[in-house]
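Following: one structure in structure tokens, then a few remarks.
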Amino acid sequence: MSMPSPYALGATLYMPATRGDLLDVVFRDKLPSLRSLVICLEDAVAEIDVATALANLSRLLSAIDQRGGRLEEGPLLFVRPRDAKMAEILNEWSLIKHVDGFVVPKLTLGNLLSWQKAVTNPELCLMPTLETPDVFSPESMTNLAEALQETLHDRIIALRIGGNDLLGGLGLRRNPVTTLYSTPMSYVISMLSGVMGSHGFALTAPVFEQLSTPRLLEQELELDVAHGLVGKTAIHPDQIDIIHDKLRVSLDDLNSARQIVQEKTTAVFKHNDAMCEPATHYKWATNILERAKWHGVQQPCERHGREPFQVQARVADFGC
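The working numbering puts the first residue of the sequence shown at 69, with every later residue one more than the last.
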């Protein structure tokens, strides 16, 4: 299995497996800037529509096969099964080879073994979602991180933070005029960045559910990046380019990173009035270079801010 870079994920859009235009998105006839797509068989599909959704997914994979496979430059493609039992079935589909991996909903230490047994295809990478009450416990997350290291570490591209589910468990919903970092999720994201990051796992940022405040989305993305998060779930296609723009690296950071990773560099040096110490900053520098590889470098803006984007489709057409 060739593991994709977590920085290749960029903006990740969830779409219900019942949609009829999935093939257009996979082959970039629609949403050409999308970097990663999750076809959802879980929350975005009602129980009565599961059979229809599975049949539609099967037709999609057959259509991809008939075209000779996916485009090399197309979006990464994942499927979110409803549960481990469904994942076990999909794992055996011959045409599942056209999928990069599965998003694992509601992963816990208690159901880890069932997922490990269900997804035996070594070509499928995994993106577990952290969205259950035990996520609030550093001890539980440490135990989960250690278990993942022992079992699935080499197959996990990134861990996804399920912000809405976690807030919902507290009976909360974010204030539409503040970022997620003004809620208890600030603690959760900081804690997960420390616990999971120190165990070698990349993390992606929760969805931003407001559609008419792009400037607030930009503010949240700046905080996402400051916490080391590598991508973000998009709730609507109009968020894709905003997310990708904010994942670009600054020219100053890029130049600092390049100097830090040089083989022949001093133990400590000054760059842009900041101390650079390769022994401690090397991992940061390699992450900056990887981010720049996938998202590029920030360009000076000719105007300040953006006009609010216009929603061209119902949010219900997409899933998160």
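Note that CB positions come from ideal geometry on N, CA and C, so glycine has one too.
Please read all numbers here as calculations on a predicted model, not as lab measurements.
Element boundaries [beta strand (DSSP E), containing residue i]
{"i": "A79", "result": "A79 to P84"}
{"i": "R283", "result": "Element bounds for R283: not the beta strand (DSSP E) but the alpha helix (DSSP H), P282 to A294."}
{"i": "M195", "result": "C193 to L198"}
{"i": "S104", "result": "S104 to C108"}
{"i": "A302", "result": "K300 to A302"}
Residue i versus the options, residue with shortest Cα-Cα distance
{"i": "N323", "options": "G231, D306 and W352", "result": "W352"}
{"i": "R103", "options": "L122, G268, K300 and Q330", "result": "K300"}
{"i": "R135", "options": "H166, V298, I225 and A186", "result": "H166"}
{"i": "S126", "options": "L91, T272, R96 and L139", "result": "L91"}
{"i": "V317", "options": "G296, P305, Q330 and I308", "result": "G296"}
{"i": "A226", "options": "G237, P196 and L128", "result": "P196"}
{"i": "G137", "options": "A155, F95 and Q184", "result": "F95"}
{"i": "L216", "options": "T281, A119, S182 and E115", "result": "S182"}
{"i": "E191", "options": "K174, G169 and P173", "result": "G169"}
{"i": "N355", "options": "A325, G262, E115 and G236", "result": "A325"}
{"i": "E207", "options": "Q184, V263 and D222", "result": "V263"}
{"i": "T348", "options": "V329, L357 and E358", "result": "V329"}
{"i": "V203", "options": "L220, T219, G236 and T188", "result": "G236"}
{"i": "F276", "options": "T251, E218 and L285", "result": "L285"}
{"i": "D151", "options": "L139, Q184 and T120", "result": "Q184"}
{"i": "H304", "options": "A294, Q278 and N189", "result": "Q278"}
{"i": "A294", "options": "E160, L315 and L220", "result": "L315"}
CB contact flag (residue i, residue j, <8 Å)
{"i": "T86", "j": "V113", "result": "yes"}
{"i": "V245", "j": "L319", "result": "no"}
{"i": "G78", "j": "W362", "result": "yes"}
{"i": "L158", "j": "V147", "result": "yes"}
{"i": "P201", "j": "G231", "result": "no"}
{"i": "L291", "j": "I311", "result": "no"}
{"i": "L163", "j": "S130", "result": "yes"}
{"i": "L177", "j": "N211", "result": "yes"}
{"i": "L99", "j": "V93", "result": "yes"}
{"i": "D309", "j": "S73", "result": "no"}
{"i": "C193", "j": "R223", "result": "yes"}
Buried/exposed call for residue i, threshold 16 Cβ in 10 Å
{"i": "M75", "result": "A quick correction: the sequence has Tyr, not Met, at residue 75. By the 10 Å Cβ count, Y75 comes out buried."}
{"i": "A381", "result": "In this prediction, A381 scores a pLDDT of 43, lower than 50, which makes its location untrustworthy; no coordinate-derived value is stated."}
{"i": "D321", "result": "buried"}
{"i": "N124", "result": "buried"}
{"i": "Y82", "result": "buried"}
{"i": "R241", "result": "exposed"}
{"i": "R30", "result": "One cannot answer for residue 30 here, as it falls past the ends of the chain, which runs 69 to 388."}
{"i": "G373", "result": "Note that G373 has pLDDT 44, beneath the 50 cutoff, so the model's placement of it is unreliable and the number below is only indicative. Exposed is the call here."}
{"i": "M71", "result": "exposed"}
{"i": "K153", "result": "exposed"}
{"i": "A360", "result": "buried"}
{"i": "T186", "result": "One point to set straight first is that residue 186 is Ala, not Thr, in the sequence displayed. With 16 or more other Cβ atoms within 10 Å, it is buried."}
{"i": "P84", "result": "buried"}
{"i": "P376", "result": "Per-residue confidence for P376 stands at a pLDDT of 37, beneath the threshold of 50, marking its modelled position as unreliable; the derived number appears in the next sentence. It is exposed - the Cβ of P376 has fewer than 16 other Cβ atoms within 10 Å."}
{"i": "N243", "result": "exposed"}
{"i": "I132", "result": "buried"}
{"i": "P173", "result": "buried"}
{"i": "E199", "result": "buried"}
beta-carbon residue i near the ligand ATP non-hydrogen atom, thresh 7 Å
{"i": "E218", "result": "As presented, the structure is devoid of all ligands, the ligand ATP included, so that no description of it is given."}
Unbroken alpha helix (DSSP H) run spanning residue i, endpoints
{"i": "R326", "result": "L319 to I328"}
{"i": "S208", "result": "P206 to T219"}
{"i": "R127", "result": "V118 to Q134"}
{"i": "L91", "result": "L90 to V94"}
{"i": "L145", "result": "No alpha helix (DSSP H) contains L145, which is instead part of the beta strand (DSSP E) from L144 to R148."}
{"i": "Q184", "result": "L180 to A186"}
Contact with chain C by residue i, beta-carbon distance below 8 Å
{"i": "I311", "result": "Absence of chain C from the displayed structure is noted, only one protein chain being present."}
Opposing strand residues paired with residue i [DSSP bridges]
{"i": "R228", "result": "T197 and T272"}
{"i": "G169", "result": "F146 and C193"}
{"i": "V365", "result": "V317"}
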